[in-house]
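Residue numbers (our numbering): 3 to 167. Glycine included, every Cβ here is placed at the ideal spot set by N, Cα and C. The next block holds one structure in the form of structure tokens; read it before the comments.
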């Protein structure tokens with residue numbers, strides 16, 4: 003017959019994962035028409051890897067216009083992102099999505115992957131509401147104002163430029 007010991011702490015038997023203070027939740031919005039261009043040949047997996055140093059990506063949405071190919075949409079889904087196809091310009095829809103993230107109490111970090119200075123008010127509003135901000139972009143055309151306004155700016159190099167080095 004087996005003797006049972008007194009249960010002193012349930013934590014000894016059931017692993018309970020506590021949220022550590024440095025684990026931050028990230029909401030990432032990608033300006034598809036601006037960033038997912040052939041001349042940049044950017045890798046969304048690399049972006050996820052870079053952001054993992056800041057916290058856990060909880061929201062990952064790629065905004066696309068109506069001209070996005072089915073293969074591009076499929077590739078975005080396969081990389082774990084949610085594609086949002088918008089009729090017309092994606093900027094307004096991206097701003098609406100960003101405001102939802104800013105007012106979401108479960109999101110600590112707002113990350114925008116764009117080169118467009120039109121999103122400067124979003125960065126400022128996120129900071130006003132206590133969110134850490136990250137902009138991810140590529141040259142040429144990465145707005146200096148956007149880089150300077152965000153808490154962190156990440157400049158991605160195209161695959162072609164990485165291979166040359």
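Measure the alpha-carbon distance for residue i versus residue j and round it to whole angstroms.
i	j	result
residue 127	residue 110	13 angstroms
residue 135	residue 52	14 angstroms
residue 23	residue 57	At residue 23 the pLDDT is 39, less than 50, meaning the model places this residue with poor confidence and gives no usable figure here.
residue 114	residue 123	12 angstroms
residue 119	residue 148	6 angstroms
residue 32	residue 138	9 angstroms
residue 95	residue 89	10 angstroms
residue 55	residue 140	19 angstroms
What's the call for residue i, buried or exposed, on a 16-neighbour Cβ count within 10 Å?
i	result
residue 117	buried
residue 62	buried
residue 98	exposed
residue 40	exposed
How close, in whole Å, do the beta carbons of residue i and residue j come, if the pair is a contact with beta carbons under 8 angstroms?
i	j	result
residue 92	residue 74	With a Cβ gap of about 14 angstroms, residue 92 and residue 74 do not count as contacting.
residue 152	residue 125	5 angstroms
Give the DSSP bridge partners of residue i, in chain order.
i	result
residue 157	139
residue 33	65
residue 150	Answer is none; residue 150 lacks a bridge partner.
Closer than 7 angstroms to a non-hydrogen atom of the ligand FAD - does that hold for the CB of residue i?
i	result
residue 146	Among the ligands in the structure shown, none appear at all, so the ligand FAD cannot be discussed.
Secondary structure, alpha helix (DSSP H): runs of 4+ residues fully inside the region 40 to 93: Here the runs fully enclosed are 46 to 53 and 72 to 80.
Unbroken stretches of the alpha helix (DSSP H), 4 residues or longer, contained in the region 104 to 146: Note on the region 104 to 146: whole alpha helix (DSSP H) runs with a minimum of 4 residues are 122 to 130, in chain order.
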